[in-house]
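One structure is given below, encoded as structure tokens.
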Amino acid sequence: MNDSIEKILAEDGFYVSTTVGMSMFPMLCNRRDRVVICPVGNQKLKKYDLPLYRRPDGKYVLHRIIGVREGYYIIRGDNTYRKEKVPDEWVIGYVTEFYRKGKHVSAESKKYRVYARFWNWIYPSRFLFLKSRSFLSKIKHILIKPFRKKDK
Numbered sequence: 031m032n033d034s035i036e037k038i039l040a041e042d043g044f045y046v047s048t049t050v051g052m053s054m055f056p057m058l059c060n061r062r063d064r065v066v067i068c069p070v071g072n073q074k075l076k077k078y079d080l081p082l083y084r085r086p087d088g089k090y091v092l093h094r095i096i097g098v099r100e101g102y103y104i105i106r107g108d109n110t111y112r113k114e115k116v117p118d119e120w121v122i123g124y125v126t127e128f129y130r131k132g133k134h135v136s137a138e139s140k141k142y143r144v145y146a147r148f149w150n151w152i153y154p155s156r157f158l159f160l161k162s163r164s165f166l167s168k169i170k171h172i173l174i175k176p177f178r179k180k181d182k
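Next up, the structure:
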């Protein structure tokens, strides 16, 4: 990724990449699935779209829009519980289609839109699961730490 994604979008009109990370799991799997990104231009994205944005630290992020406000979006990854306010100017593109397990899916298809709505609808139970898993992991670490053998 030496050339900036913005440059590739401007020159080619699209950008194709293999996903990296677990924040959009289970829809997109780390280093398995591919996304096709198109420039956002002047259009306003809508709820459930998948924008690619660049944070001020330079990190590229691909998450789902769960709310649209004046001047910014409310965004969250499928496998995360934190929301993020993303200003319009951070957004450089959006997913128009993706390949999951090698199968093509349009981001405008009814199948995708139903999935996105369902995944957002079950968020409260996913939130409890993710927070509980994180809490139990911390407890496990605290309880097991005293019993670990120290290196000699």
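First residue of the sequence shown: 31, per the numbering used here; consecutive thereafter. Even for Gly, the Cβ is constructed at its ideal location relative to N, Cα and C. Owing to the predicted nature of the structure, the values given are computational and were not obtained by experimental measurement.
Identified DSSP bridge partners for residue i
{"i": "His134", "result": "Tyr129"}
{"i": "Ile95", "result": "Ile105"}
{"i": "Pro81", "result": "Tyr124"}
{"i": "Arg64", "result": "Thr48 and Tyr129"}
{"i": "Glu119", "result": "None, per the DSSP bridge assignment."}
{"i": "Glu114", "result": "Ile105"}
{"i": "Tyr90", "result": "Arg84"}
{"i": "Pro69", "result": "Gly123"}
Proximity winner among the options, relative to residue i (alpha-carbon distances)
{"i": "Val91", "options": "Lys161, Val65 and Val98", "result": "Val65"}
{"i": "Arg147", "options": "Ile95, Thr126 and Glu100", "result": "Ile95"}
{"i": "Lys89", "options": "Gly101, Gln73, Thr126 and Val50", "result": "Val50"}
{"i": "Thr110", "options": "Val70, Ile152 and Tyr129", "result": "Ile152"}
{"i": "Glu114", "options": "Lys133, Ser136 and Arg85", "result": "Arg85"}
{"i": "Gly71", "options": "Arg99, Ala40, Pro56 and Lys77", "result": "Ala40"}
{"i": "Arg143", "options": "Lys133, Val116 and Thr126", "result": "Thr126"}
{"i": "Gly132", "options": "Ser34, Arg62, Ile38 and Phe55", "result": "Arg62"}
{"i": "Arg112", "options": "Glu100, Phe128, Ala137 and Lys161", "result": "Lys161"}
Assumed close pair residue i, residue j - CB separation to whole angstroms, cut-off 8 Å
{"i": "Leu58", "j": "Tyr124", "result": "That pair is no contact at about 14 Å."}
{"i": "Asp118", "j": "Tyr102", "result": "6 Å"}
{"i": "Leu82", "j": "Ile122", "result": "6 Å"}
Determine contact between the region 98-112 and the region 166-177, defined as no fewer than three beta-carbon pairs at a distance below 8 Å. At 8 Å Cβ cutoff, the stretches do not touch.
Do the region 39-47 and the region 66-75 touch if we need at least three Cβ pairs shorter than 8 Å? The region 39-47 vs the region 66-75: in contact.
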